[in-house]
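Enquirer: Each step along the sequence shown adds one to the number in this note's numbering, with nothing skipped, and position 167 is 286.
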Amino acid sequence: LAAIEASLTGADDAVAPAAGLRRALAARGLSSQHMLDLIEAFRRDVTKSRYADWGELIDYCRYSAWPVGRFVLDVHGESRAAWPASDALCGALQVINHLQDCGEDYRALDRVYLPTDDLTRAGLTAAALGEPRAGPALLGVIGALSRRVEGLLGEARALGPAVRDLRLSLEIGVIEALARSLNRRLARRDPLAQRVHHRPIEALGVALLGAGRSAGARLFAPAAP
Numbered sequence: 120l121a122a123i124e125a126s127l128t129g130a131d132d133a134v135a136p137a138a139g140l141r142r143a144l145a146a147r148g149l150s151s152q153h154m155l156d157l158i159e160a161f162r163r164d165v166t167k168s169r170y171a172d173w174g175e176l177i178d179y180c181r182y183s184a185w186p187v188g189r190f191v192l193d194v195h196g197e198s199r200a201a202w203p204a205s206d207a208l209c210g211a212l213q214v215i216n217h218l219q220d221c222g223e224d225y226r227a228l229d230r231v232y233l234p235t236d237d238l239t240r241a242g243l244t245a246a247a248l249g250e251p252r253a254g255p256a257l258l259g260v261i262g263a264l265s266r267r268v269e270g271l272l273g274e275a276r277a278l279g280p281a282v283r284d285l286r287l288s289l290e291i292g293v294i295e296a297l298a299r300s301l302n303r304r305l306a307r308r309d310p311l312a313q314r315v316h317h318r319p320i321e322a323l324g325v326a327l328l329g330a331g332r333s334a335g336a337r338l339f340a341p342a343a344p
């Protein structure tokens, strides 16, 4: 990771793909900071397996998820005024991913993204994630986190309308619809024992609805003064 970082910052060209990416970004007037933030997230993946509270989890998202959305906006020449809504959507997606895969992450990687303080208040330890089914206390923790994600998705509503590029706006509508659907599933399913991920046909249906809503919102939006 340090070698990749050095080539991204221009300290050397030892890692050819990273050096090539640096040059490509520079040619388009784009910053490499988003890539450097992702490297920080990779470092945390290697060194950190527990998160004390919601704030610490969101700080992880600041490096693991936010840069992705910000980079996409930059590539499309969108305003940085859209960053906060993008951060909210990307953070929501990251937490949803952690919640739906919480059992697998614990069993396979010994990683726990559910905040320790939430587990402790519920009288639980990380070992609860290794059970074949989630008990009422763990389902309560997951449900509470899902409600926090709903708050992030509320903040993300401003993203699609703020984006000028039509295709990107439609893609955002699709992503937001998929995220909302998954979050609703988390509120009523046990991720240790039940499938939360969409099947392909389910994802297609949700995506089409999301794109349609996004297109309709743009079509009937009031004209700018």
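Just so you know, even glycine gets a beta-carbon here, dropped at the ideal spot from N, CA and C. Computed from a prediction, not measured in an experiment: that's the story for all the values here.
On the three-state DSSP scale, how would you describe V134?
Expert: Within the sequence shown, residue 134 is the residue found at index 15, counting from 1. Three-state DSSP puts V134 in coil, outside helix and strand.
Enquirer: Roughly how many angstroms separate the alpha carbons of A130 and W202, rounded to a whole number?
Expert: Residue mapping note: residue 130 aligns to position 11 of the sequence shown, counting from 1. Residue mapping note: residue 202 aligns to position 83 of the sequence shown, counting from 1. If I take the Cα positions, the gap works out to 29 Å.
Enquirer: Can you give me the Cβ contacts of V325 inside the same chain, cut-off strictly under 7 Å, excluding the 5 residues immediately before and after it?
Expert: Taking the sequence shown and counting its residues from 1, the one referred to as residue 325 is at position 206. Once the five neighbours on either side are set aside, the close Cβ partners of V325 are A296, L297, S300, H317.
Enquirer: Assign V187 to one of three DSSP states: helix, strand, or coil.
Expert: The residue labelled residue 187 in the question sits at position 68 within the sequence shown. Here V187 sits in helix by DSSP.
Enquirer: Note down the Cα distance separating G210 from W185, rounded to an integer number of angstroms.
Expert: As a working note, residue 210 is residue 91 in the sequence shown. As a working note, residue 185 is residue 66 in the sequence shown. Approximately 7 Å, taken between the alpha carbons.
Enquirer: Assign V231 to one of three DSSP states: helix, strand, or coil.
Expert: Taking the sequence shown and counting its residues from 1, one reaches residue 231 at position 112. Correct three-state label for V231: strand.
Enquirer: Kindly identify the DSSP beta-bridge partner or partners of R169.
Expert: Taking the sequence shown and counting its residues from 1, the one referred to as residue 169 is at position 50. Beta-bridge pairing links R169 to V231.
Enquirer: If you drop the 5 nearest sequence neighbours on each side, which residues of the same chain put their C-beta closer than 7 Å to that of R230?
Expert: The residue you call residue 230 lines up with position 111 of the sequence shown. Closer than 7 Å at the Cβ level, and outside the excluded window around R230, lie S168, D224.
Enquirer: Measuring alpha carbon to alpha carbon, tell me which residue in R332, G262, A336, L278 is nearest L305.
Expert: For this step, residue 305 is matched to residue 186 along the sequence shown. Per the Cα distances, G262.
Enquirer: For the alpha helix (DSSP H) containing S300, list its first residue and its last residue.
Expert: Walking along the sequence shown from the start, residue 300 turns up at place 181. Taken as a continuous stretch (DSSP letters only), the alpha helix (DSSP H) holding S300 covers 285-307.
Enquirer: Quick one, which of I291, W173, V315, G174 has its alpha-carbon nearest R332's?
Expert: Mapped onto the sequence shown, residue 332 falls at position 213. When each option's Cα is compared against that of R332, the closest is I291.
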